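Participant: Going line by line, the protein sequences match chains A and B. For the first sequence, position 175 matches number 175 in this note's numbering, and the numbering has no gaps at all. Quick note: to get this note's numbering, add 1000 to the position in the second sequence (first position is 1). Dropping the structure in here first, questions after.
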Amino acid sequence: MSTQLLQIKNLVKHYPSVKAVNGIDITLNKGICFGLLGPNGAGKTTTIEILEGINQATSGEILYKGQPPGNQFRSEAGIMFQSTALQDYITVRETLQMFGKLYPQQADLDELIKRCNLTEYLEQDNRQLSGGQRQRLLLAIALVNDPDIIFLDEPTTGLDPQARRNFWDLINDIKAEGKTIVLTTHYMDEAYMLCDEIAIMDHGKIIAQGTPKHLLEKHFNDVILQLPNIDIDNVDLSSFTTHKKENYIEITTRDVNQAIAVLIENNVSLSQLQIRQRTLDDLFLELTGKELRS
Amino acid sequence: MSSYTMSFKRFLALLSTRNKEFFRDRSSLSWNILMPVLIVAGFSFAFTGDIGEQFKVAVLNESMATKASQQFLTTKHVEFYNIETTEDDVTQAQDRAIKKIQRHQVDLFLDAKKQTYWINTESPKGYLVEKILLAQEKNAFTKQSVSGKQIRYLDWVIPGILSMNMMFSALFGVGFVIVRYRKNGMLKRLKATPITAFEYLSAQIASRIMLIMVVTAFVFYGTNIFVDFVMNGSHLSLFLVFALGALSMISLGLIIAARITSEETAGGLLNMFSWPMMFFSGVWFSLEGAAPIMLSIAEVFPLTHVTASARAIMIDGASLVDISYHLLVLTGQSIVFLLFGAWYFKWE
């Protein structure tokens, strides 16, 4: 039995003034969490909306379980958009019940409510939910049909750090059930934490694809030392690659010991020294020359 | 059966949620009920007591009036008005005048050529003006008696107010809501589920018809307690007229809201349709004798047919057969508007 759930072949979406998606190929295996990353305007939301059946592709082919997505796909897909309004004057319970009835099959509502931590808010009007509660409800709606594939479009945007962490735990739970997840996000730490595989998009094209670890290993074999500007003003660092930021300087090196030795030699205080591994943010900057959030 | 044919389960889920949303929105609900009640109360207050002390006499064949008739036509403090006639519609004009006598809208109707007059035996003002007529020449005129309960302006205008309230609820209640849902992404979210546009629109229509009928019934019976307006026809017929009228106007609202994404544009367009209907559909004044162009325009408006039908049922006790022309027009309009609206509809 094939492990491929979704295949996207040479997907193109052209608007009159812009080529939003410019020929991308993706294959999604069952049970993985796939992250689609990119700056605003990269084409990731257009791509995910085409996959969800909300938007029409200009050309290309999409196969779900080996077939063009049709009624079966709409029944088996769970979708959480970037922003969705919920009906006013309707409670959380009623919202879940209504969405549940729109599908031929339903998840166990009690179980879903418990899993998404909605028990306390069940009788609350949708209008009274906080950002985190609302995102959990939208996730519950996406899961209400016990989907095989779940699309999450920037699900944690606007949430506070604690709410984001809670949301990640939920997604990890869903992953553990073997469901397939397609996630778009601006947060690289989120992608790193949740995704088994990522694709970085820019200008409608995929510019890198693979597991986060593999991509970082492929593109980087160095680490970064961060020091406050003030501590390093008169030190000769010409033998290193450096990037000056507003309040600190970054020294890129393959040999941490040698870099530290040079700093000590020059009487640089190491009390505020930070050493960090390369991240997906660095990878994106490396590949596109742009900040990820630009 | 495929889950993508019409699903009653999905339809009911949407219908029930929409109904809850409406009934829990207290401000909107109160306004829907209060507005017509306030209008009726305003009219009731404005037209309390006698509208005027002057006698009102309708005259036919004034240009061919006999000497006795001419004498009467010079009476002071009596308002005479000629019934405009051509050779072809004398009978119709006469029927209309007699109907007004029955409703106490005119005190006496005189055929000045034939020296025949009609009065309502139940009208005190008719009795008095008859005395004035006969004071000149007692045996010169032939008397025709009719009877009928007085129809106040309030009785006449209430069917129009009920229809107008229904129109606003139908147009804005569906049109505006769909545009708002489209704008805030609710429709997009629903599009991602297995529901079809037909199921969604059917649920919206059914919900609004139910709400309109409940609110209209509430206003109808509630107002009647205080105003005691005339209701000579069948309540069931009136119910059917309002239900069909609601369907027709909701369908019109669907066309307006089929693709618009801005509430401001929707509001402008809905006003563009509703205001002319409110003024030129015979809600506030009779279209009788209006310019032919205005009559043609009014004929296109669903509100004209709902108001005319409701008025015929409530005042004249008309049956569904009597108003079949209006029902046919409303049915035709509903079908055309619905098909076009469903075809033109876009989720986003």
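Glycine is no exception: its CB is placed at the ideal position from the N, C-alpha and C atoms. Fair warning: this is a prediction, and the values are worked out from it, not measured in the lab.
Of all Cβ atoms in chain A, is any one closer than 8 Å to the Cβ of methionine 1006 of chain B?
Facilitator: Sequence index remark: in the second sequence, residue 1006 of chain B carries index 6 (1-based). Chain A contact via Cβ: absent.
Participant: Could you compute how far the alpha carbon of asparagine 1184 of chain B sits from the alpha carbon of leucine 1247 of chain B?
Facilitator: Here residue 1184 of chain B corresponds to residue number 184 of the second sequence, with the count starting at 1. Here residue 1247 of chain B corresponds to residue number 247 of the second sequence, with the count starting at 1. Cα to Cα, the separation comes out at about 26 Å.
Participant: With 16 other CB atoms within 10 Å as the buried threshold, where does arginine 127 of chain A fall?
Facilitator: Taking the first sequence and counting its residues from 1, one reaches residue 127 of chain A at position 127. So arginine 127 of chain A counts as exposed.
Participant: Please name the residues in the region 68–81 of chain A whose beta-carbon is closer than 7 Å to at least one beta-carbon of chain B, in chain order.
Facilitator: Cβ contacts with chain B: Asn71, Arg74, Ser75, Ile79 and Phe81.
Participant: With 16 as the cutoff for other CB atoms within 10 Å, does isoleucine 1051 of chain B come out buried or exposed?
Facilitator: Position 51 of the second sequence, counting from 1, holds the residue named residue 1051 of chain B. Confidence is the limiting factor: at isoleucine 1051 of chain B the pLDDT is only 48, short of 50, which leaves the residue's position unreliable, though a coordinate-based value still follows. Classification of isoleucine 1051 of chain B: exposed, given that the 10 Å Cβ count is below 16.
Participant: Rounding to the nearest angstrom, what Cα-Cα distance links threonine 1074 of chain B and alanine 1217 of chain B in this structure?
Facilitator: Here residue 1074 of chain B refers to the residue found at position 74 of the second sequence. Here residue 1217 of chain B refers to the residue found at position 217 of the second sequence. Answer to the nearest angstrom: the Cα atoms are 49 Å apart.
Participant: Beta-carbon within less than 7 Å of glycine 1233 of chain B's beta-carbon, same chain only, minus the 5 sequence neighbours each way: which residues are those?
Facilitator: Residue numbering aside, residue 1233 of chain B sits at position 233 when the second sequence is read from its first letter. So the qualifying residues of the chain are Ile1313, Met1314, Gly1317 and Ala1318.
Participant: How would you label proline 147 of chain A, buried or exposed, when you count the other beta carbons within 10 angstroms and need 16 or more for buried?
Facilitator: Residue numbering aside, residue 147 of chain A sits at position 147 when the first sequence is read from its first letter. Buried.
Participant: Name the chain B residues whose beta carbon is nearer than 9 Å to that of aspartate 88 of chain A?
Facilitator: Numbered from 1 along the first sequence, position 88 holds the residue referred to as residue 88 of chain A. Under the 9 Å cutoff, chain B gives Glu1021, Arg1024 and Asp1025.
Participant: Between the Cα of leucine 152 of chain A and the Cα atoms of A/Ile79, A/Ala163, A/Gln272 and A/Ser130, which residue gives the shortest distance?
Facilitator: Residue mapping note: residue 152 of chain A aligns to position 152 of the first sequence, counting from 1. Measuring from the Cα of leucine 152 of chain A, the nearest candidate turns out to be A/Ile79.
Participant: When you compare only the Cα positions, how much space is there between glutamine 67 of chain A and valine 12 of chain A?
Facilitator: As a working mapping, residue 67 of chain A is identified with position 67 in the first sequence. As a working mapping, residue 12 of chain A is identified with position 12 in the first sequence. So the two alpha carbons sit approximately 19 Å from each other.
Participant: Comparing the C-beta of tyrosine 64 of chain A with each C-beta of chain B, is any distance below 8 Å?
Facilitator: In the first sequence, counting from the first residue as 1, residue 64 of chain A sits at position 64. Not closer than 8 Å to any Cβ of chain B, the Cβ of tyrosine 64 of chain A fails to qualify, so no.
Participant: Using a beta-carbon distance cut-off of less than 9 Å, what residues from the region 93–111 of chain A approach chain B?
Facilitator: The residues in question are Glu94, Thr95, Gln97, Met98, Phe99, Gly100, Lys101, Leu102, Tyr103 and Pro104.
Participant: Taking the alpha helix (DSSP H) that glutamate 265 of chain A belongs to, which residues open and close that run?
Facilitator: In the first sequence, residue 265 of chain A corresponds to position 265, counting from 1. Its alpha helix (DSSP H) spans residues 256–265.
Participant: Would you list the residues sitting across from lysine 205 of chain A in a DSSP beta bridge?
Facilitator: Translated into the one-based positions of the first sequence, residue 205 of chain A becomes position 205. BP columns for lysine 205 of chain A point to A/Asp202.
Participant: Quick check on DSSP: helix, strand or coil for asparagine 22 of chain A?
Facilitator: Within the first sequence, residue 22 of chain A is the residue found at index 22, counting from 1. Asparagine 22 of chain A falls in the strand class under three-state DSSP.
Participant: Could you tell me whether the region 1142–1156 of chain B touches the region 48–64 of chain A, using the rule of 3 or more Cβ pairs below 8 Å?
Facilitator: They do not touch, by the three-pair rule.
Participant: Please return the same chain residues whose Cβ sits closer than 8 Å to the Cβ of isoleucine 1083 of chain B, not counting the five positions on each side in sequence.
Facilitator: Looking up residue 1083 of chain B in the second sequence gives position 83. Same-chain partners within the cutoff: Ala1058, Val1059, Leu1060, Ala1093, Gln1094, Arg1096 and Ala1097.
Participant: Excluding the 5 residues preceding and the 5 following threonine 1331 of chain B in the sequence, name in chain order all residues of the same chain whose CB lies nearer than 7 Å to its CB.
Facilitator: Counting from 1 along the second sequence, the entry for residue 1331 of chain B is found at position 331. Excluding positions up to five away in sequence, the list reads Leu1244.
Participant: Mind checking histidine 219 of chain A: buried by the 16 CB within 10 Å criterion, or exposed?
Facilitator: By 1-based counting over the first sequence, the position of residue 219 of chain A is 219. Counting Cβ neighbours within 10 Å, histidine 219 of chain A comes out exposed, since fewer than 16 surround it.
Participant: Please state the DSSP three-state secondary structure of glutamate 111 of chain A.
Facilitator: Taking the first residue of the first sequence as 1, we reach residue 111 of chain A at position 111. It is helical.
Participant: Give me the chain A residues within the contact set of alanine 1013 of chain B, using Cβ-Cβ distance strictly less than 9 Å, ordered along the chain.
Facilitator: As a working mapping, residue 1013 of chain B is identified with position 13 in the second sequence. Those within 9 Å of alanine 1013 of chain B in chain A are Gln97, Met98, Phe99, Gly100, Lys101 and Leu102.
Participant: Considering only C-alpha positions, which residue in the set B/Tyr1325, B/Pro1194, B/Gln1204 and B/Tyr1344 is nearest to asparagine 71 of chain A?
Facilitator: Against the first sequence, residue 71 of chain A aligns to sequence position 71. With distances taken between Cα atoms, asparagine 71 of chain A lies closest to B/Pro1194.
Participant: Relative to the alpha-carbon of aspartate 110 of chain A, which residue among A/Gly60, A/Gln133, A/Ala140 and A/Leu283 has its alpha-carbon at the smallest distance?
Facilitator: Indexing the first sequence from 1 puts residue 110 of chain A at position 110. Checking every option, the nearest Cα to that of aspartate 110 of chain A belongs to A/Ala140.
Participant: Count Cβ pairs between the region 90–109 of chain A and the region 161–181 of chain A that sit closer than 8 Å; are there 3 or more?
Facilitator: No contact exists between the region 90–109 of chain A and the region 161–181 of chain A.
Participant: From the DSSP secondary-structure annotation, give me the bridge partner or partners of glutamate 61 of chain A.
Facilitator: On the first sequence, residue 61 of chain A is found 61 positions in, with the first residue counted as 1. DSSP, once it has assigned bridges, lists A/Lys9 as partnering glutamate 61 of chain A.
Participant: Which residues in chain A sit within 7 Å of asparagine 1184 of chain B, going by Cβ to Cβ distance?
Facilitator: As a first step, residue 1184 of chain B must be located in the second sequence, where it is residue number 184. Neighbours of asparagine 1184 of chain B on chain A, chain order: Ala85.
Participant: Please report how far the alpha carbon of glycine 100 of chain A lies from the alpha carbon of aspartate 108 of chain A, in whole angstroms.
Facilitator: Start at 1 with the first residue of the first sequence, and residue 100 of chain A comes out as number 100. Start at 1 with the first residue of the first sequence, and residue 108 of chain A comes out as number 108. If you take the alpha carbons of glycine 100 of chain A and aspartate 108 of chain A, they lie about 10 Å apart.
Participant: With DSSP run on the structure shown, which of helix, strand or coil describes lysine 244 of chain A?
Facilitator: Working through the first sequence from its first residue, we reach residue 244 of chain A at position 244. Three-state DSSP puts lysine 244 of chain A in a strand.
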